[in-house]
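Residue numbering for the sequence shown follows my numbering, starting at 4 and increasing by one per position. Glycine is no exception: its CB is placed at the ideal position from the N, C-alpha and C atoms. First comes the structure, then the notes that go with it.
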Amino acid sequence: MTNSNLTNTVAGPVIQPVIQTRGLTRTFTARKQTVEAVRGLDLEIAQGELVAFLGPNGAGKSTTLRMLTTLLPPTSGSASVAGFDVATQSRQVRQSIGYVGQGNAAGHQQHGRDELVSQARAHGLSRMEARARAEELIADFDLAACADRKVSTLSGGQRRRMDIAIGLVHRPRVLFLDEPSTGLDPQNRANLQTQIQRLHAETGSTIVLTTHYLEEADALAGRVIVVDHGQVIADDTAYNLKSSLGDLITLGFYDQATAAAAAHRVRRSAPEAQIKTLGDEVTIRVAGGRELAPALVADLAVAGDRVHRMEVAGPTLDDVFLNLTGRSLREDNDTATDTALASTDETLEEIAA
Ligand SMILES: Nc1ncnc2c1ncn2[C@@H]1O[C@H](COP(=O)(O)OP(=O)(O)OP(=O)(O)O)[C@@H](O)[C@H]1O
Ligand SMILES: [Mg+2]
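Quick look at the structure:
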């Protein structure tokens, strides 16, 4: 028995994170202006995790992914993926990963099926295996109608699906997807989520994706990393992030004076609650709000502040972001869908080149 085995027996297995960054930083200088796109990122992601990076436009999500996939050298700090250093062992990193960039792959002159087969062959599959894998991906991503057309002639959403199929061709151990569902219609977005979940369940691969869709991060990811201005501002399960906030009770009154009086009363009885008054409406963010609300309304009625409307909503990831930054992720991301597909990025094809 080796020393390390002995250590493992006593202390439990030492599990190395599959992705690790230390002080990872990337600065861009353009037109004499310096942008700190990623600022001192310290991250550990274990094998088999499904992680969503969530953040507004320009938060540094793509820059982080591009450093982790060796497409962009860090300005400072370090990162390793699958045990290899992104700066000094880029070839080994590239062999261990799949990457689907934010933009569409441009200029595929091959037919869809042939493109998938060539990509599979480039990853070392035999001709027969490559054909079988291509058919599997065509079925999984509903690409039958695209298989015999040139990739360059496909619609934006069809090409997005083709890009993702290409990223999965070699069943990578670590998969990076930069906004995989941007530009897809709701049905294809739902289908993509199913495929990602299936891939994750069947292969246990580590998946890191970026998204602007709060619902997607919520439904898909076991862990949500919220980034803003190049830094991690929250890192937890969606459930924990939301639970830490409490429910939002909205009370509607007949006039502003009653709303103000009610807010004052609630402030005295629940000092821990965050209370805001807007016109004849009072919002109260408080843990256990759902359970608390009926008694609250009853107490206010007894005191003469009659509530004519009440809503209780569980917290969303947008609320988490708003609470952390004072801004809404939704507002920031209104333009995301329009801009995301316009930007250029690399695909696995370029990685392999
Ligand atoms: N090649 C570049 N040259 C100059 N600045 C850049 C470059 N790439 C990114 N940036 C800047 O770095 C910051 C982070 O950009 P990044 O693309 O990582 O954001 P993002 O979180 O992926 O945003 P989005 O949601 O819009 O995709 C932005 O301010 C961006 O303008
Ligand atoms: Mg991006």
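Practice task
Please work out which residues of its chain come closer than 8 Å, Cβ to Cβ, to arginine 42, disregarding the five sequence neighbours upstream and downstream, and give them in chain order.
Solution key: Thr28, Gly63, His232, Gly233, Gln234
Exercise for the section: Just the C-alpha distance for valine 310 and valine 269, rounded to the nearest angstrom, thanks. Expected result: 13 Å
Handout entry: Local Cβ density within 10 Å of lysine 35, reported as buried at 16 or more and exposed below that
Key = exposed
Practice task
Using beta-carbon positions only, say whether arginine 116 and leucine 128 come within less than 8 Å of one another.
Solution key: no
Problem - beta strand (DSSP E) segment containing histidine 311, residue limits - result: Histidine 311 -> beta strand (DSSP E) spans 310-316.
Exercise for the section: Take alanine 241 as the anchor and find which of Ile252, Leu223, Leu251, Phe256 has the nearest alpha-carbon. Expected result: The option with the nearest alpha carbon to alanine 241 is Leu223.
Practice task
Could you work out which residue in Leu320, Ala260, Arg124, Gln50 is closest to threonine 280 when comparing CA atoms only?
Solution key: Ala260
Practice task
Indicate, with yes or no, if ligand 1 has a heavy atom lying under 7 Å from the CB of threonine 328.
Solution key: no
Exercise for the section: Drop a sphere of 10 angstroms on the beta-carbon of glycine 186, count the other beta-carbons inside from all chains shown, and report buried for 16 or more, exposed for fewer. Expected result: buried
Handout entry: Exposed unless 16 or more other CB atoms sit within 10 angstroms - verdict on alanine 361
Key = Look at the range of the chain in this structure, 4 to 356, and you will see that residue 361 is not part of it.
Problem - Validate contact between the region 244-257 and the region 299-314 using beta carbons, cut 8 Å, 3 pairs - result: yes
Exercise for the section: Assign glycine 170 to one of three DSSP states: helix, strand, or coil. Expected result: helix
Exercise for the section: Could you tell me which residues DSSP puts in a beta bridge with alanine 150? Expected result: BP columns for alanine 150 are empty, so no partner.
Exercise for the section: Say yes only if the C-beta of aspartate 181 is nearer than 7 Å to one or more non-hydrogen atoms of ligand 2, and no if none qualify. Expected result: yes
Exercise for the section: Can you give me the Cβ contacts of isoleucine 252 inside the same chain, cut-off strictly under 6 Å, excluding the 5 residues immediately before and after it? Expected result: Ile287, Gly292, Ala296, Val315
Exercise for the section: Could you please give the first and the last residue of the uninterrupted beta strand (DSSP E) stretch that includes glutamate 182? Expected result: Here glutamate 182 belongs to no beta strand (DSSP E), and DSSP marks it neither H nor E.
Handout entry: alanine 109 (DSSP reduced to helix, strand or coil)
Key = At alanine 109, the pLDDT of 48 sits below 50, so the modelled position is not reliable; the number obtained from the coordinates is stated separately. Note: alanine 109 maps to coil in three-state DSSP.
Exercise for the section: Using three-state DSSP, classify alanine 306 as helix, strand or coil. Expected result: coil
Problem - Whole-Å CB distance - asparagine 194 paired with aspartate 239, under 8 Å assumed - result: Contact flag wrong, Cβ pair sits at about 28 Å.
Handout entry: Cβ shell of arginine 192 (< 7 Å), same chain only, five flanking positions each side left out
Key = Ser184
Practice task
Examine ligand 2 and report whether any of its heavy atoms sits within less than 7 Å of the Cβ of serine 65.
Solution key: Yes, the beta carbon of serine 65 sits closer than 7 Å to at least one heavy atom of ligand 2.
Handout entry: Close Cβ partners of phenylalanine 52 (< 7 Å) along its chain, the five nearest in sequence each way excluded
Key = The displayed chain sequence assigns glutamate, not phenylalanine, to residue 52. Counting only Cβ-Cβ distances below 7 Å, and skipping sequence neighbours, we find Thr209, Gly225, Arg226.
Handout entry: Sequence-distant residues of the same chain with beta carbon closer than 6 Å to glutamate 47, five excluded per side
Key = Residues Pro20, Gln23 of the same chain have their beta carbon placed closer than 6 Å to that of glutamate 47, with the five preceding and five following residues left out of the count.
Exercise for the section: Taking glutamine 36 as part of the beta strand (DSSP E), name the residues at either end of that continuous run. Expected result: 36-48
Problem - Residue from Thr32, Gln50, Phe56, Ser331 whose Cα sits closest to the Cα of valine 230 - result: Phe56
Handout entry: Backbone CA spacing between alanine 90 and arginine 69 [nearest angstrom]
Key = Near 12 Å, if we compare the C-alpha coordinates of arginine 69 and alanine 90.
Problem - Spatial distance of serine 93 from alanine 290 (CA atoms) - result: 47 Å
Practice task
Please name the residue or residues paired with serine 81 in a DSSP beta bridge.
Solution key: Arg25
Problem - alanine 345 - DSSP class collapsed to helix/strand/coil - result: Here alanine 345 scores only 35 on pLDDT, less than 50, and its place in the model should not be relied on; the value that follows carries that caveat. Note: alanine 345 maps to coil in three-state DSSP.
Exercise for the section: On a CA-only basis, which of Arg162, Ala85, Thr37 is nearest threonine 72? Give me that one, please. Expected result: Of all alpha-carbon atoms in Arg162, Ala85, Thr37, the one lying nearest the alpha-carbon of threonine 72 is that of Ala85.
Exercise for the section: Compute the Euclidean distance between the alpha carbons of glutamine 112 and glycine 159, then round it to the nearest angstrom. Expected result: 15 Å
Handout entry: Sequence-distant residues of its chain with Cβ nearer than 8 Å to leucine 303 (five each side left out)
Key = Leu254, Ala265, Arg268, Val269, Arg309, Val310
Handout entry: Under the three-state DSSP convention, the category valine 227 falls into
Key = strand
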